[in-house]
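Report on the following structure.
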Amino acid sequence: LTKYEGVFVAMNSCYDEFGEVNPSAAKKLTRFLLDKGVSGLYVGGSTGEGLIQSVEERKRMLEAVMEEARGQAVVIAHIGAANTRDSVELARHAERTGADALSSVAPFYYRVSDKAVKQHWNAMIDSTELPFIIYHIPSTTGFHLSASVLQEMKQNPKVIGVKITTSSTYELQQFKAVGGDRFVVFNGPDEQYLAGRMMGANAGIGGTYGVMPELFVALERQIRVGKLEEALSLQVRINEIITRMLELPIYGALKELIKRRGIDCGGVRAPLEQVTGEHERQLDELYNRIMQA
Ligand code: NGF
Numbered sequence: 004l005t006k007y008e009g010v011f012v013a014m015n016s017c018y019d020e021f022g023e024v025n026p027s028a029a030k031k032l033t034r035f036l037l038d039k040g041v042s043g044l045y046v047g048g049s050t051g052e053g054l055i056q057s058v059e060e061r062k063r064m065l066e067a068v069m070e071e072a073r074g075q076a077v078v079i080a081h082i083g084a085a086n087t088r089d090s091v092e093l094a095r096h097a098e099r100t101g102a103d104a105l106s107s108v109a110p111f112y113y114r115v116s117d118k119a120v121k122q123h124w125n126a127m128i129d130s131t132e133l134p135f136i137i138y139h140i141p142s143t144t145g146f147h148l149s150a151s152v153l154q155e156m157k158q159n160p161k162v163i164g165v166k167i168t169t170s171s172t173y174e175l176q177q178f179k180a181v182g183g184d185r186f187v188v189f190n191g192p193d194e195q196y197l198a199g200r201m202m203g204a205n206a207g208i209g210g211t212y213g214v215m216p217e218l219f220v221a222l223e224r225q226i227r228v229g230k231l232e233e234a235l236s237l238q239v240r241i242n243e244i245i246t247r248m249l250e251l252p253i254y255g256a257l258k259e260l261i262k263r264r265g266i267d268c269g270g271v272r273a274p275l276e277q278v279t280g281e282h283e284r285q286l287d288e289l290y291n292r293i294m295q296a
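In this note's numbering, the protein residues as written are 4 to 296.
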């Protein structure tokens, strides 16, 4: 499981001027990230807008990424959807396309029991031979993964890890204890990459990594060689950038910053909020901070 270590970018999707998936821009973005030395890519998650795309669009986006990344980086396909049938279709497609692993949020909108959540995930897991990573993000799904559900899910050897997007590093450490040494824990909030790694995360999956991959790759390197004071000072600089990003519509801001880094991935899909002319000055400042950090 050492392949699941380090910096995994929760990749943005790329659209053309008509708002359609743009495979050539997606390949460029993939190349840009791989050249920066990230360990892997997480496609179709929250940052990737997978949950507001059609099944066909999600497939096109993953196919474009795989064409560029195959054999060069670990690709995790997020296949979570509001209904199990779409997730199973996406799981089978991801396996055919060559993704390394699957991942999914819990069902959302409808409040369902633990039993229904397990059935939803198990249907995806049973539909392919790929390893599976649970995506725990209670703030958006409303489902709070308990240690006992994690323990049950983990009985299946295909369930190799969990990605935790909550601000509790205590919970992260508890999940690591449930999973054990061979279970991969991914830190979710980019603002606590260092803290998450210190509390047992093997890796991180994050959306802001994509606009400043060099900084997260450097942070990971410092952690690995035990330069923790330097790592903290870099995390603080990163957090100054993220704090300013969060004053803007975050997903729209990420797209604009990617554009400033040379790849036009278009805007975000409604209902996500675009950045507008009034944000121009803040975006310029953010870009400068990233490039100077
Ligand atoms: O987008 C969110 C919502 N969190 C992301 C990340 O955990 C989600 C995080 O990078 C993710 O990995 C995905 O896109 O599937 C934040 O954008 C970042 O920490 C800034 O707050 O919570």
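By construction, the Cβ of each residue, glycine as well, lies at the ideal position given by its N, Cα and C atoms.
With a cutoff of 9 Å on beta-carbon distance, Glu-223 and Lys-39 are scored as not near each other.
For Val-10, the beta-bridge partners assigned by DSSP are Gly-207. For Val-77, the secondary structure class from DSSP, reduced to helix, strand or coil, is strand. Of the candidates Glu-92, Phe-178, Ile-226 and Arg-61, the residue whose Cα lies closest to the Cα of Leu-148 is Phe-178. C-alpha of Thr-33 to C-alpha of Glu-276: approximately 24 Å in a straight line.
Ile-136 has Ser-106 and Gly-164 as its beta-bridge partners, per DSSP. Only exposed fits Val-228, as fewer than 16 other CB atoms lie within 10 angstroms of its CB.
Remark: the C-beta of Met-64 is outside contact range of the ligand NGF, defined as less than 8 Å to any heavy atom. DSSP places Val-187 in no alpha helix (DSSP H) but in the uninterrupted beta strand (DSSP E) bounded by 187-190. With 16 or more neighbouring CB atoms inside 10 Å of its own CB, Glu-259 falls in the buried class.
For Tyr-212, the secondary structure class from DSSP, reduced to helix, strand or coil, is helix.
Note on Val-214: 16 or more other CB atoms within 10 angstroms of its CB, so buried under the neighbour-count rule. DSSP places Gly-255 within a helical segment (H, G or I) once states are collapsed to three. DSSP places Tyr-18 within a strand segment (E or B) once states are collapsed to three.
In this structure Tyr-112 is exposed. Its beta-carbon is surrounded by fewer than 16 other beta-carbon atoms within 10 angstroms. Proximity to Arg-114 across Leu-105, Ala-126, Thr-144 and Phe-135 peaks at Thr-144, based on C-alpha coordinates. Distances between the C-beta of Leu-249 and the heavy atoms of the ligand NGF include at least one below 8 Å.
Burial of Tyr-254 is indicated by the presence of at least 16 other C-beta atoms within 10 angstroms of its C-beta. Separation of Gly-43 and Ser-116 (C-alpha to C-alpha, rounded to the nearest whole angstrom) is 33 Å. Following the DSSP letters along the chain, one finds Val-68 in no beta strand (DSSP E) but inside the alpha helix (DSSP H) bounded by residues 58-72.
For Val-58 and Val-78, the gap between their C-alpha atoms comes out near 18 Å. For Val-46, the enclosing beta strand (DSSP E) begins and ends at 43-46. Three or more beta-carbon pairs separated by less than 8 Å link the stretch 159-168 to the stretch 130-144, which places the two stretches in contact. For Thr-5, the number of other beta carbons within 10 angstroms of its own is below 16, and it is reported as exposed. If you check the CB distance, Arg-247 and Ala-296 do not come in under 9 Å. Counting only the Cα atoms, Ile-167 lies some 14 Å from Leu-197.
The C-beta separation of Val-12 from Tyr-212 comes to about 5 Å, placing the pair in contact by the 8 Å criterion.
Judged by beta-carbon spacing, Pro-274 lies within the 9 Å limit of Ile-55, meaning their Cβ atoms are closer than that value.
The DSSP-derived three-state label of Val-24 is strand. Taking non-hydrogen atoms of the ligand NGF into account, the C-beta of Gly-191 is found less than 8 Å away from one of them.
CA-to-CA, the gap between Val-181 and Ser-171 works out to about 16 Å.
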